[in-house]
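For reference, the structure is listed below as structure tokens.
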Amino acid sequence: MQKPSLAGMERDSTGKPPQYPIESVDNALRLLLLLGERSEIRLTDASEYLRVASSTAHRLLSMLQYRGFVRQDPASKAYQPGPSLTNVAFAVHSRMDIPRTAAPILRQLVDTLQETVHVGTLDGRLVRFIAALESPSAVRVISRLGSTRPAHCTSTGKVLLAGLSVDELDQLYPDPHLEPLTEHSVRTLTELRTQLAEVRKSGFAISRQESEEGVASVAVAVPQGGSGIRLALNASAPSYRFRPSDVRKACSALKDAAAELARNLG
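In full-length UniProt numbering, the protein residues as written are 1 to 266.
The following block contains the structure:
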């Protein structure tokens, strides 16, 4: 098979090639650029695009998968953007427009639900809250803006974990035992998997005093769309204001808001 030259580098680059290029690094980066153009790539796509042997393309994709930059769909075997890649994208977008874009949507949610609302994203085994707006009620959940919580103890974290593959979940949680925050927290990976299966069926996740006594929340995932960033919206309330009817109302409003946020982020 023909050895790749600098032609591919020049085609994909934004400037002059370096004096001493490292071909393997260049090829791995070109695969990431290709993922920016397509929703997924197969091994044959990578091999043909880079003009390298399938074994070489497989090694590159395996290393990107190991570092979390790609994930492999267990059914189709195609490679898709992984959590590390979306975290990089989030780092850029968070400085630009996520909080600003989310602000009017959060305002509408608070007006509708009269509860505190957040936008969150996964950061390893943590969920990080990147935008928030507090309820106007005298008794309310305080904003968690800028803070982190263990993902398995929050509705936001669980709805995002439900979107991961089995392999990604195994990499995040190699230990079958989970650290609880309260007596209501999930304590084992087996229990978490059971809850995540329910989340996938229902389309939302609930936390009842799992991250903090007296606090309950419900969350839905934001459709990824073109942004490729994994986000979720949640509504948090004192647990005594978290009846089944409240959950249904919150889920409906959150799903509409999540769809709007996805459209606005592109």
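For each residue, glycine too, the CB sits at the ideal point set by N, CA and C.
- By the neighbour-count criterion, in which a residue is buried when 16 or more other Cβ atoms sit within 10 angstroms of its Cβ, residue 103 is exposed.
- Looking at the DSSP output, residue 206 sits in a beta bridge with 218.
- The C-alpha of residue 221 lies about 6 Å from the C-alpha of residue 160.
- The straight-line gap separating the alpha-carbon atoms of residue 120 and residue 25 is approximately 32 Å.
- Contact between residue 29 and residue 81 is absent: CB atoms are separated by about 14 Å, not below the 8 Å threshold.
- Nearest to residue 117 by alpha-carbon distance, out of 126, 107 and 124, is 107.
- DSSP places residue 22 in the coil class of the three-state scheme, outside both helix and strand.
- DSSP, reduced to helix, strand and coil, places residue 123 within a strand of the structure shown.
- Partner residues in the beta bridge of residue 131, as assigned by DSSP, are 119.
- Contact check for residue 158 against residue 216 fails: the beta carbons are separated by 8 Å or more.
- With three or more CB-CB distances shorter than 8 Å, the region 167–178 counts as touching the region 70–81.
- For residue 17, there is no enclosing alpha helix (DSSP H), as DSSP gives it neither H nor E.
- In the structure shown, the three-state DSSP call for residue 99 is helix.
- Residue environment analysis places residue 179 among the exposed positions, since fewer than 16 neighbouring C-beta atoms fall within 10 angstroms of its C-beta.
- Close CB contacts of residue 98 within its chain, under the 8 Å cut and outside five residues either way in sequence, are with 90, 119, 130, 131, 229, 231 and 265 (chain order).
- Assignment of residue 149 by DSSP, reduced to helix, strand and coil, places it in the strand class.
- Pairing residue 66 with residue 41 gives a Cβ-Cβ distance that is not under 8 Å.
- Burial check for residue 105: the Cβ neighbour count within 10 Å reaches 16 or more, so the residue is buried.
- Sequence-distant Cβ neighbours of residue 207 in its own chain, meaning closer than 6 Å and more than five residues away, are 154, 155 and 217.
- Around the CB of residue 197, fewer than 16 other CB atoms lie within 10 Å, so the residue is classed as exposed.
- Separation of residue 31 and residue 88 (C-alpha to C-alpha, rounded to the nearest whole angstrom) is 15 Å.
- The residues 152, 153, 178, 180, 192, 195 and 210, in chain order, have a CB closer than 8 Å to that of residue 186 in the same chain once the five nearest residues on each side in sequence are set aside.
- The C-beta distance from residue 253 to residue 112 rounds to 5 Å, short enough to fall under 8 Å.
- Looking at 84, 149, 83 and 58, the one whose alpha-carbon comes closest to that of residue 77 is 58.
- Boundaries of the beta strand (DSSP E) around residue 72: 70–72.
- Between residue 250 and residue 235, the CB-CB gap stays under 8 Å.
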